[in-house]
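This report refers to the structure that appears directly beneath it.
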Amino acid sequence: MTDKLITANHLGDGLVVFLTAKGGWSYKLAEARVIPEAELEAALAVAKSQHEAGIVVDPYEIETTVVEGIPVPVRLRERIRAAGGPTVTYGEAEIAERAATLKHAG
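Residue numbers (the working numbering): 80 to 185.
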């Protein structure tokens, strides 16, 4: 079976986040909790409670593999989201703003 991650969008800024082992959220894919199938239901319950609390929007599971200790989403769509997508170029102001947001996120 394939391991899973839980992803969502942060309510405050709309950026992609991943559920961490401590039950929080990170903008960094490398900090995502890799969830075995047996623990998925409980992890989704935590994520959905944070959706209800207004922290994230629409958490859901994605399939992942682990390469050199780093989770890598299986589907192209999720790899694009994890890389900070989209695949089209924004203007310079938007790129700088996004980079600053990600830098301050840790």
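Note that CB positions come from ideal geometry on N, CA and C, so glycine has one too. All of these numbers come straight from a predicted model, not from anything done at the bench.
Rank Leu108, His89, Lys107 and Ile141 by C-alpha distance to the C-alpha of Ala122 and give the top, closest one. Measuring from the Cα of Ala122, the nearest candidate turns out to be Ile141.
Out of His183, Ala162 and Glu171, state which residue places its alpha-carbon closest to the alpha-carbon of Ala109. For Ala109, the nearest C-alpha among the options comes from Ala162.
When the distance is taken between beta carbons, is Thr143 closer than 7 Å to Asp92? Result no, Cβ atoms of Asp92 and Thr143 do not sit closer than 7 Å.
Going by C-alpha distance, which of Glu173, Val113 and Trp104 is nearest Leu90? Answer by Cα proximity: Trp104.
Arg112: which of Gly133, Val145, Asp137 and Val136 sits nearest, CA to CA? It is Val145.
Test item: CB-CB of Pro150 and Leu84 under 7 Å: Taking 7 Å as the Cβ cut-off, Pro150 and Leu84 qualify as a contacting pair.
Judging by CA-CA distance, which residue of Gly148, Gly102, Ala117 and Arg177 is the nearest neighbour of His130? Nearest option by C-alpha distance: Gly102.
By alpha-carbon positions, which one of Glu118, His183 and Ala87 ends up nearest to Ile134? The option with the nearest alpha carbon to Ile134 is Ala87.
Between which two residues does the alpha helix (DSSP H) carrying Lys182 extend? Segment Glu171 to His183, the alpha helix (DSSP H) holding Lys182.
CA-to-CA distance, Gly148 to Ala178, given in whole angstroms: Cα-Cα distance, rounded: 25 Å.
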